[in-house]
Structures are given as C-alpha cells and as structure tokens.
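2 protein chains.
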Amino acid sequence: MKCYIMTRATKAGAAAKSPLGFCLHDHDACVRDALVAAETRCAAGGLRLTPVRRRVLELLLQEHRALGAYAILDRLREEGFGSQPPVAYRALDFLVANGLAHKIERLNAFIACVHPDEGHTPAFMICRLCDAVAETYSSPARGALGDAARASGFRIERTVVEAEGLCPTCITEAEG
Amino acid sequence: MKCYIMTRATKAGAAAKSPLGFCLHDHDACVRDALVAAETRCAAGGLRLTPVRRRVLELLLQEHRALGAYAILDRLREEGFGSQPPVAYRALDFLVANGLAHKIERLNAFIACVHPDEGHTPAFMICRLCDAVAETYSSPARGALGDAARASGFRIERTVVEAEGLCPTCITEAEG
DNA sequence: CGTCTCCATGTGATTTTATAACACTTATCG
DNA sequence: CGATAAGTGTTATAAAATCACATGGAGACG
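So the sequence lines, in the order shown, correspond to chains A and B.
First residue of the first sequence: 1, per our numbering; consecutive thereafter.
First residue of the second sequence: 177, per our numbering; consecutive thereafter.
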C-alpha cells in the first residue's frame, strides 16, 4: 500500500509515482487499504483493534492533517462512544504505541501512519498555512546529529523530526 | 564561547574539547559568558534585554535542562516579578524569537541556547532518565527529509529535531 | 459451565500548559 | 513636552493531558 498526501481538493485518480510527500491520490482507497493493513497487523501481533481504536484510526486516516485529541473526542462523543478525554487519549496511545499513528509534537496533535512497515523513523512536513501534514522518512542518526551523539556517548532511542513550511499548493496560492 | 552540557555533578574544571554534547565544563563561566553574549547581541540588534527577560535567560542557563514555563514562573514570582503565566510566556517568547532560547517541543519546555551564532539549525538530545538536554547542530534538509521536500515541492522554513534517549551518565548508571 | 484475571472502557475531577483581553507604566523619539 | 510604541502586570479562560476509580467483556482454566 502506498498513500500520498492530498492537500485541499479531493480529486480521485491515480497517484503520481513520486517519492513520498505531497501529491494527489485516491483517498478512499488509501483509507481502506490502511485500515485493512492495520487489522492485519493487529491480528498478527495479538493486538486488539477495538471499535474505538479502529474508529479513531479511521478518523485520522480520513484527513491528511493532524487532529487534536479533543477534535477526535468530539467525534467519538457524537457517535456514542465515551465523552471524556481519556477515551480519546487511550485510543491514541494505543495507535501510537503500535506504530499506527504518530504524534506531531509541534502541533500537539496526531496523524495516521501511512507507512505500514515496521520500525521506520518518521519525519513530517507541516504546512503552516493549510495544516496539511505529509509523512516521510528520515535518518537523522546518519547526519550531524548522529555524529554528535556518538561523539558524546548519547544513545538515541527515538527521534522527532518535524519540518514546518509551505506545501506546494500554498506556495502557488501565496505567490501566484 | 563554548558551553558543554554537564549532567548531574557540578565539578568545575576545564571542559573537555570534544564535540558539542554531554561533557564536563566550567558552568559558572558558561552562564556568565552566555549572558554577556546575549547582552551584546541585544545591544547590537536594538533588542531590550529587560530585567525579567534577562532573569529568565539566566534561570535557563543555570540548568542544562529544559524548564517548563510554570517552573520559571514560580521563580519569578518568588523574586518579586509578576506572578501570572503571561509574564513567563512573554519573556520566553522574546528569548525564543531572538534565538536566545529554544522550545523543546517534546517536553513543552524551554532551554537556553548555547550557540550564539546566528541562524543555526538546532537539534537536541534529551535524556529520558535525568532530563538533561544537550543542544547540537543538525542539517536535516541535507538528508532524506530534504530530498522528500524537494521532490514534493515542500518549502522547509524551520525544523524541529529532537532525539530522545540516554545520556552517557545514565547509561553508565543503568548498566555499569 | 463458572469464575478468575486481564484488559478495555467509561466517568468525574484535577493538573498542566497556553492564550485572550485589558489596564498601567516606561522607553524612545519627534 | 507629548505622542507612540513596547513592556509589564492582572484577571479570566481556553486547550491539552493525566489521575483515580468503577464497570464490563473476552479468554484462560479448572
């Protein structure tokens, strides 16, 4: 499954075969495939993708944007799930712990993972105008950061890499 | 001015000449020099390093750890400055906006900048046991992230790079 | 089948982090 | 000096996250 970010307009169509990032794609298929992949992974790993958890993942997948826990909670409440913050946070914790979603620290918000592969090091590109978020890969430990860590004896366990800027659509709109 | 992170014990002494990261150094000199550098920079740039702002910077410099806004506020209150959140947040905003401090997104906390040079791209190593934070450099735009950005037409304006893991001291204590 | 246990869900209450809105003071500059 | 912009202070409130505890359901096991 490949899933590319689509900003703004939701034109269904074949996804361009460019590297991960901002580009058009068939969003319905994207969501469907990701849910199937998540179910498969959970079944294989003995994890319980319960209704709330599944629904939260679905909500995240439907937007290629980061959603705050309270935005999710509002939806859950409307749909008859619990109405208190822990309901949303617990589902999100589960998804994040199992690599099905990521937290965008910069935004205090969450996004579905579009890279079903295990053990990747995600990086994000966040558009400061339209809030679209694209997930991609990084290997920060290979560059200057890794050098500094090795030199000083720091053991990296996890990295947060988030780039803020302008997505292609917003660049065009802003500059003509 | 060079300023290295000192975790735990505060042994004064010559700083090891290793790359930026975790290592011993003369902390008093580190703080003093950083304050002088900040004053110089502010004077040169027409910025007003007022008493609250200066004091907040000093508080941050005294610890090589990230401090939450409310921890800072507590100190300010004790010292007769204003006692409400905006007092701390405004000083922190000023310091961050002018490159004298950084926000550690992962921790929702702030740390003094130890790299007086303009326009650097900071990266942080955060120890999950003792909370020490070391600042170093990164060039995320040169690696996989930069490739993805260029390929998809995303314009990076700012990056957040934070590595979480174990500092040398905590590795030793945990395993030694 | 019962029941024990673990995990998940639900709720109320609280803590932590951050901002809005407005009054007052001080610095700067014509 | 007076106008204006910037800084400080306060009250109030919003937003994000966690704690503590009760309830309920799925599997494991006798």
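Beta carbons: idealized from backbone N, C-alpha and C, even for Gly.
Candidates the options, of which the one nearest residue i by Cα
i	options	result
A:G143	B:T312, B:A324, B:A214	B:T312
B:F286	B:A220, B:I347, B:P227, B:E234	B:E234
B:H134	B:R229, B:V232, B:R326, B:Q238	Given a span of 177 to 352 for chain B in the structure shown, any question on residue 134 of chain B remains unanswerable.
A:V31	A:G45, A:V56, A:T50	A:V56
B:F353	B:D307, B:H291, B:A214, B:D323	An answer regarding residue 353 of chain B cannot be provided, because it is not within the stretch 177 to 352 covered by chain B.
A:R128	A:C113, A:E118, A:V114, A:L107	A:L107
B:E333	A:G165, A:A151, A:L49	A:G165
B:C343	A:G176, A:C170, A:G153	A:G153
A:R54	A:H115, A:P85, A:N98	A:N98
B:D293	B:H203, B:F198, B:T216	B:T216
is_contact[residue i, chain B] using C-beta, thresh 9 Å
i	result
A:T50	no
A:Y89	no
A:Q140	A small fix is needed here, since residue 140 of chain A is Pro in this sequence, not Gln. Chain B, which has a Cβ nearer than 9 Å to the Cβ of A:P140, makes this yes.
A:C30	no
C-alpha distance - residue i paired with residue j, whole-angstrom precision
i	j	result
A:V96	B:V212	43 Å
A:R155	A:A149	7 Å
B:F257	B:A205	26 Å
B:A277	B:A210	11 Å
A:H64	A:C130	11 Å
A:T172	B:D323	20 Å
B:F198	B:G222	33 Å
B:A220	A:E79	58 Å
A:G176	B:P261	41 Å
B:T226	A:A151	37 Å
B:G295	A:H27	39 Å
7 Å CB neighbourhood of residue i in its chain, flanking five on each side removed
i	result
B:S396	No statement about residue 396 of chain B is possible, as the shown extent of chain B runs from 177 to 352 and does not include it.
A:R77	S83
A:R75	L59
B:C346	C303, L305, C306
B:G189	Residue placement at B:G189 is poorly supported in this model, since its pLDDT is 38, which falls under 50; the coordinates still yield a value, given next. Contacts found: L200, D202.
Sequence-distant residues of the same chain with beta carbon closer than 6 Å to residue i, five excluded per side
i	result
A:A174	none
Cβ shell of residue i (< 8 Å), same chain only, five flanking positions each side left out
i	result
A:I230	Residue 230 of chain A cannot be examined here, being either before or after the span of chain A that is shown, 1 to 176.
B:V263	V228, L249, L252, F257
B:T335	T297, S314, P316, A317, L321
B:Y265	A245
B:L268	V232, A245, I248, A277, K279, F286
A:R48	C42
Residue-chain proximity (residue i, chain A), Cβ-Cβ < 9 Å
i	result
B:L321	yes
B:F198	yes
B:V303	The residue you asked about is not Val; residue 303 of chain B is Cys in the sequence shown. So, interface residue.
B:A324	yes
B:A310	yes
B:A299	yes
B:K193	Below a pLDDT of 50, predicted positions are generally treated as unreliable, and B:K193, at 38, falls in that range; the measurement from the model is reported next regardless. So, not an interface residue.
> When you check each C-beta in the stretch 153 to 169 of chain A against every C-beta of chain B, which residues fall closer than 7 Å?
Replying inline: Per Cβ criterion, the list reads G153, F154, R155, I156, E157, R158, T159, V160, V161, E162, A163, E164, G165, L166, C167, P168.
> Along the stretch 97 to 114 of chain A, what residues have a CB closer than 7 Å to any CB found in chain B?
Replying inline: Result list: E105, R106.
>> Residues of the stretch 237 to 249 of chain B in Cβ contact with chain A at a cutoff of 9 Å, in chain order, please.
In response: Listed in sequence order: no entries.
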